[in-house]
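**Student:** One line per chain: the protein sequences are L and R, in this order.
All the letters of the first sequence, read from the start, carry residue numbers 570 to 700 under this note's numbering.
All the letters of the second sequence, read from the start, carry residue numbers 570 to 700 under this note's numbering.
The beta-carbon is built from N, C-alpha and C at its ideal position, and this holds for glycine as well.
The structure displayed is predicted, hence computed values, not measured ones.
A single structure is presented below for examination.
2 protein chains.
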Amino acid sequence: MTRLKIFFLTFSIVAICIFSNSKAYAQAQKQMVRLAKLEIDSTHLQSYKIFLREEIEASIKLEKGVLTLYAVFEVNKPNHLTILEIYKDKKAYEKHIKTPHFKKYKEGTKDMVKALELVETLPLIPNMKIK
Amino acid sequence: MTRLKIFFLTFSIVAICIFSNSKAYAQAQKQMVRLAKLEIDSTHLQSYKIFLREEIEASIKLEKGVLTLYAVFEVNKPNHLTILEIYKDKKAYEKHIKTPHFKKYKEGTKDMVKALELVETLPLIPNMKIK
């Protein structure tokens with residue numbers, strides 16, 4: 570291989586790497602990342618969990634644009650939970666809240682939720698995953 | 570293939586599926602999942618972010634047992650952040666806080682952190698990922 574060929578090959582590989590990284594970064598920049606903080610009526614906690622699990626599993630399975638709904642319950646306040654919600658973009662979120670599974674959850678749990686706070690956030694490292 | 574062979578093949582496949590799923594589930598059950606809620610001195614926010622990013626990137630790269638450190642800053646209170654921390658197990662966490670990169674972060678940011686609350690949690694769906 571001539572030096573020129575080697576140069577062009579290296580240049581092309583580097584260019585592809587930069588392009589694909591910047592594309593992934595640009596996509597990540599459009600993400601909608603939110604913390605939902607909820608307090609649940611303790612007497613309905615088990616029923617609430619069933620509704621939430623069903624809703625999350627359906628969203629992850631059926632909606633490409635729902636990247637995660639990671640829900641955690643506090644050990645010392647078992648009726649307090651936080652959900653890390655990541656959507657591909659705002660459009661994916663708008664679509665999500667119109668799905669039958671979201672509506673079923675929202676309607677089914679409306680008397681169980683004592684408080685709901687939605688906190689818009691910006692991730693420090695937008696492409697972060699869970700191993 | 571005889572019926573008996575088909576039966577044993579099917580049985581083996583089902584058994585392997587159950588075993589590998591239950592193994593993954595048992596591993597996930599041992600995870601340590603936490604929310605770290607921090608308030609940063611606004612005058613040091615940019616320096617703090619540099620320290621945190623360096624610490625997270627090193628932890629994810631060098632420590633198998635650190636499954637995620639997903640940090641988000643609130644849009645309306647930019648000096649308030651939450652980190653979803655997932656460790657493989659308690660041992661992985663104990664190891665993490667002894668690493669040079671964690672110690673560098675802790676020492677470097679000790680005058681920047683105005684408040685820190687560590688909240689132990691239980692995930693609703695332990696194997697949840699980020700797409």
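Is it buried or exposed, I655 (chain R), if we count other Cβ atoms within 10 angstroms and call 16 or more buried?
**Tutor:** Here residue 655 (chain R) is taken as the residue at index 86 of the second sequence, counted from 1. Per the 10 Å Cβ criterion, buried.
**Student:** Measure the Cβ-Cβ separation of V641 (chain L) and T690 (chain R) and say whether it is below 8 Å.
**Tutor:** The residue you call residue 641 (chain L) lines up with position 72 of the first sequence. The residue you call residue 690 (chain R) lines up with position 121 of the second sequence. In contact: V641 (chain L) and T690 (chain R) (Cβ atoms closer than 8 Å).
**Student:** Check whether the segment 658-666 of chain R and the segment 609-619 of chain R are in contact - that is, three or more C-beta pairs closer than 8 Å.
**Tutor:** Touching, no.
**Student:** For K698 (chain R) and D680 (chain R), I'd like the C-alpha separation in whole angstroms.
**Tutor:** Stepping through the second sequence from its first residue, residue 698 (chain R) is reached at position 129. Stepping through the second sequence from its first residue, residue 680 (chain R) is reached at position 111. Between K698 (chain R) and D680 (chain R), the C-alpha separation is close to 34 Å.
**Student:** Determine the direct distance from the alpha carbon of E608 (chain L) to that of K700 (chain L), and round the result to whole angstroms.
**Tutor:** As a first step, residue 700 (chain L) must be located in the first sequence, where it is residue number 131. As a first step, residue 608 (chain L) must be located in the first sequence, where it is residue number 39. Approximately 29 Å between the Cα atoms of the pair.
**Student:** Using the three-state DSSP reduction, which class does T571 (chain L) fall into: helix, strand or coil?
**Tutor:** What you label residue 571 (chain L) is simply residue 2 of the first sequence in a count that begins at 1. Looking at T571 (chain L) - three-state DSSP - the assignment turns out to be coil, as it is neither helix nor strand.
**Student:** So, A597 (chain R) versus I652 (chain R), is the Cβ gap smaller than 8 Å?
**Tutor:** In the second sequence, the residue the question calls residue 597 (chain R) occupies position 28. In the second sequence, the residue the question calls residue 652 (chain R) occupies position 83. Their beta carbons are not under 8 Å apart, which means A597 (chain R) does not touch I652 (chain R) by this criterion.
**Student:** What did DSSP end up calling P692 (chain R) once you bin it into helix, strand or coil?
**Tutor:** Here the question's residue 692 (chain R) lines up with position 123 in the second sequence. Correct three-state label for P692 (chain R): strand.
**Student:** Anything in chain R within Cβ reach of M681 (chain L), meaning under 7 Å, just list it in chain order.
**Tutor:** Along the first sequence, read from residue 1 onward, the residue named residue 681 (chain L) stands at position 112. Correct list: empty, because the minimum Cβ distance to chain R is about 15 Å.
**Student:** Check the Cβ-Cβ distances between I619 (chain R) and every residue of chain L, and say whether any is below 8 Å.
**Tutor:** The sequence position of residue 619 (chain R) within the second sequence is 50, counting from 1. So, not an interface residue.
**Student:** Taking M697 (chain L) as the query, report the chain R residues whose CB atoms sit under 9 Å from its CB, ordered along the chain.
**Tutor:** As a working mapping, residue 697 (chain L) is identified with position 128 in the first sequence. Near M697 (chain L) (Cβ distances below 9 Å), the residues of chain R are I625, I629, T637, L638, Y639, A640, I699.
**Student:** Could you check which residue in L:E686, L:I694, L:Q600 has the C-alpha nearest to that of N645 (chain R)?
**Tutor:** Indexing the second sequence from 1 puts residue 645 (chain R) at position 76. Considering only alpha carbons, the answer is L:E686.
**Student:** Between E654 (chain L) and chain R, is any beta-carbon pair separated by less than 8 Å?
**Tutor:** Here residue 654 (chain L) refers to the residue found at position 85 when the first sequence is read from its first residue. For E654 (chain L), the answer is no, since every Cβ of chain R falls outside 8 Å of its Cβ.
**Student:** By the criterion of Cβ-Cβ separation under 7 Å, what are the contact partners of E643 (chain R) in chain L?
**Tutor:** What you label residue 643 (chain R) is simply residue 74 of the second sequence in a count that begins at 1. Residues of chain L passing the Cβ test: V688, T690.
**Student:** Looking at chain L, which residues of the segment 660-685 of chain R have a Cβ within less than 8 Å of any of its Cβ atoms?
**Tutor:** Of all residues in the segment 660-685 of chain R, none has a Cβ within less than 8 Å of some Cβ in chain L.
**Student:** Alpha carbon to alpha carbon, how far is K657 (chain L) from K633 (chain L)? Give it in angstroms, no decimals.
**Tutor:** Indexing the first sequence from 1 puts residue 633 (chain L) at position 64. Indexing the first sequence from 1 puts residue 657 (chain L) at position 88. Each residue's alpha carbon lies about 8 Å from the other.
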